[in-house]
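So the sequence shown is numbered by this note's numbering: it starts at 594 and just counts up by one.
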Amino acid sequence: MQPQQLSAANDTALTVETDDGVLFAIDIGVTLYFTGSQHQAKREAILSIFRDYLDLVGDQLTWTTNPQTGRWKKLQGWDSYITPFDWLPSYGRGEWEFTYHGGKRRTDASFYGFSVLGVHVDEMHPHLSSMQCYFPIDFFIDREEKLPALLQRWCEALAPEHGYAGLALNRAYSHHHRDQAQLLEYRYAQRFPGLQINDPSGHRLNLARGPKGVDWLTVLNDGWLEKLGGREAVRKQMGALPMLDYSDGAILRAGPMPQLGDNDNPETLAALQDYRRVAAIIEPVRIKDHQGIHRRYTPSMAHEPRLDKENYRAWLARFRFCLKSLHANNGLCRPGILSPGSCWPICRNGCKPGVAL
């Protein structure tokens, strides 16, 4: 596949493959950012969440990493090699992490994966710890416990600062084809507004200053909810949209199902109106100064667009509408231009983002 020739035949597929394996997979992604990684209670919460994940998809996991060296280890069953249940409870202070995924090759993007990084505490340069996991997009259709209820239980256990869940572009555990991967990721970001584009290492550094933005399920702890006027004020702005409470915060649900949207097919964008409503509510606290997530291309591709600082901030603002604007246009504002060649929309009604009726 040539990334420069993205076509309808391959850009809507659930995986993107190269000779070196699976470069991208589109799936249901869950990401939670938390503090207190050096505390035993938080480590126990992570292990509890991981146990839940194993109960659901443990037989699909094929690779993990050595907790000391980071080297990949092929699995013959998820517990055929040392597990975090063996070492994390007695682990001392300092950074810790573990990763599992279900790819055929050690670097493959996969529909199954679970990774955690518990950062070392640095009060001068605060970073967040993070947990990510993935499911196939149809995984919860026939299950009694749906994703919102599962996420609510996990938030009760972990008490995250914030997080999100929905359709996500999961990238390979490799730097092969980096330029082509960045260009494809940029094009996916431009075309499908509902698709989450992640940079775990960059997010841990930047998102201590504010939540990333809206997804189908958006997690905010009470600290962030208070900055928006408190739980009940947010609940009132949510209107008929569900708000799932847990002890230390709430989950804002943008409609009955996750939505992808397609800027090449404007008729699909109406389905994102619930995302726009939630985005307008959380706009006052959404991070505005995130760094770019793509490196510079090699000289042969230096002319191609990427998610540099300007473009990634534009992407983060792709649902930036005020509630007044949404009501005036039945949930659809006219698209504007935030960066050259993009089709990310902005509000043209002269209203400040996040202003309620």
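Just so you know, even glycine gets a beta-carbon here, dropped at the ideal spot from N, CA and C.
Since this is a predicted model, take the numbers as computed values, not measurements.
Uninterrupted beta strand (DSSP E) stretches at least 3 residues long and entirely within the segment 596-646 occur at 608-611 and 614-627, given in chain order. Here T658 is bridged, per DSSP, to W665.
Note on geometry: alpha-carbon atoms of A782 and A907 lie some 11 Å from one another. Between L821 and L744, the C-beta gap is not smaller than 8 Å, which leaves the two residues out of contact. One thing to note: L625 has its Cβ no nearer than 8 Å to the Cβ of A618.
With three or more CB-CB distances shorter than 8 Å, the segment 799-819 counts as touching the segment 840-852. Note on geometry: alpha-carbon atoms of H770 and G614 lie some 11 Å from one another.
Residue pairing for G759: DSSP places it in a beta bridge opposite G622.
Note on geometry: alpha-carbon atoms of A750 and T891 lie some 44 Å from one another.
Nearest in C-alpha terms to K881, of all of A826, R911 and P898, is R911.
Close CB contacts of P835 within its chain, under the 7 Å cut and outside five residues either way in sequence, are with R846 (chain order). Annotated three-state conformation of V871 is helix, per DSSP. Contact between S722 and P793 is ruled out by a C-beta separation of about 11 Å, above the 8 Å threshold. The beta carbon of Q631 is closer than 7 Å to those of R686 and V714 in its chain, skipping five residues each way along the sequence. Beta-bridge annotation (DSSP): M724 is paired with L625 and V709.
Non-local beta-carbon contacts of T861 in its own chain, meaning distances under 6 Å to residues more than five positions away in sequence, involve G854 and D855 in chain order. Relative to T657, the option among D645, G670, T611 and Y757 whose CA is nearest is G670. By the Cβ criterion, the segment 825-841 is not in contact with the segment 783-803, since fewer than three pairs of Cβ atoms, one from each stretch, lie closer than 8 Å. For the 8 Å CB-CB criterion, Q725 and S703 do not form a contact. M836 has L845 as its beta-bridge partners, per DSSP. DSSP lists no beta-bridge partner residue for I880. Residue burial annotation: G832 is exposed, with fewer than 16 other C-beta atoms found within 10 angstroms of its C-beta.
Counting other Cβ atoms within 10 Å of its Cβ, T628 reaches 16 or more and is therefore classed as buried. Bounds of the beta strand (DSSP E) holding L813 are L810 to N814.
In terms of Cβ geometry, G622 and N763 form a close pair [threshold 8 Å]. When L776, R870, L654 and P682 are compared, the shortest CA-CA separation from D701 is found for L654. DSSP places E737 outside any beta strand (DSSP E), giving it a letter other than H or E. Secondary structure note for W908: its alpha helix (DSSP H) is the uninterrupted segment K902 to L909.
Taking C-beta atoms as the reference points, W817 and V878 count as a pair closer than 8 Å. If you draw a straight line from the Cα of P741 to the Cα of G696, it comes to about 26 Å. For F691, the enclosing beta strand (DSSP E) begins and ends at W689 to H694. Contact annotation, I639 with C748: C-beta distance approximately 13 Å; criterion of less than 8 Å not satisfied.
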